[in-house]
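A quick write-up on the structure given underneath.
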Amino acid sequence: MRTHFALQPYKCRQCNQTSLHTLDHINQQRMYTGEKPYQCSQCEKSFSDNSDLINNQRTHIAEKPYQCSQCDQAFSKKSHLTQHQRIHSGEKPYLCSQCDKAFSLNASLIKHQRTHTGEKP
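For the sequence shown, the working numbering gives the first residue as 727, with consecutive numbering after it.
See the structure below:
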């Protein structure tokens, strides 16, 4: 109901910003303050968001819940599965504005753009 009627009942006591969920604003503030209350017990890394901690913990136990539907590869992060699926679909959403070449990964586009700029990092 809150979503449909754009109700934002939670108000921050410090900045008066309102949000739909209490965690939305808390997580946003943590990004600005650098607060990282979620700490991994295995590698001592800290995170501002619990979901980032969960993703990190998957690397320690090799949990890979995101399974490709077209082959037997599995991934610990959904974004990695999305990138992998482009191999099967041929999708190349990252377009070079200078020569119209297309790439499946943004990192590949950035590397390619250096051929136009001459940048050598």
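C-beta: ideal position from N, C-alpha, C; glycine also.
My guess is that residue i and residue j are in contact by the Cβ rule of under 8 Å, so how many angstroms apart are they, rounded?
{"i": "residue 765", "j": "residue 786", "result": "At roughly 13 Å, the Cβ-Cβ gap does not stay under 8 Å, so residue 765 and residue 786 are not in contact."}
Expressed to the nearest angstrom, what Euclidean distance is found between the alpha-carbon atoms of residue i and residue j?
{"i": "residue 774", "j": "residue 831", "result": "27 Å"}
{"i": "residue 728", "j": "residue 824", "result": "Only weak support exists for where residue 728 lies, its pLDDT of 44 falling under 50; the value from the coordinates is given anyway. Using only the alpha carbons, I get a separation of about 45 Å."}
{"i": "residue 847", "j": "residue 840", "result": "9 Å"}
{"i": "residue 803", "j": "residue 791", "result": "8 Å"}
{"i": "residue 772", "j": "residue 808", "result": "26 Å"}
{"i": "residue 844", "j": "residue 835", "result": "14 Å"}
{"i": "residue 732", "j": "residue 755", "result": "A caution first: residue 732 carries a pLDDT of 49, below 50, which makes its placement in the model unreliable, though a value can still be read off. Rounded to the nearest angstrom, the two C-alpha atoms are 21 Å apart."}
{"i": "residue 806", "j": "residue 822", "result": "22 Å"}
{"i": "residue 833", "j": "residue 815", "result": "19 Å"}
{"i": "residue 788", "j": "residue 778", "result": "15 Å"}
{"i": "residue 796", "j": "residue 812", "result": "11 Å"}
{"i": "residue 781", "j": "residue 842", "result": "36 Å"}
{"i": "residue 776", "j": "residue 763", "result": "9 Å"}
{"i": "residue 801", "j": "residue 783", "result": "13 Å"}
{"i": "residue 759", "j": "residue 770", "result": "20 Å"}
Inspect the beta-carbon positions of residue i and residue j and report whether they are closer than 8 Å.
{"i": "residue 810", "j": "residue 799", "result": "yes"}
{"i": "residue 828", "j": "residue 837", "result": "no"}
What are the start and end residues of the alpha helix (DSSP H) that includes residue i?
{"i": "residue 818", "result": "Counting along the chain, residue 818 falls outside any alpha helix (DSSP H), and DSSP gives it neither H nor E."}
{"i": "residue 833", "result": "832 to 843"}
{"i": "residue 778", "result": "776 to 787"}
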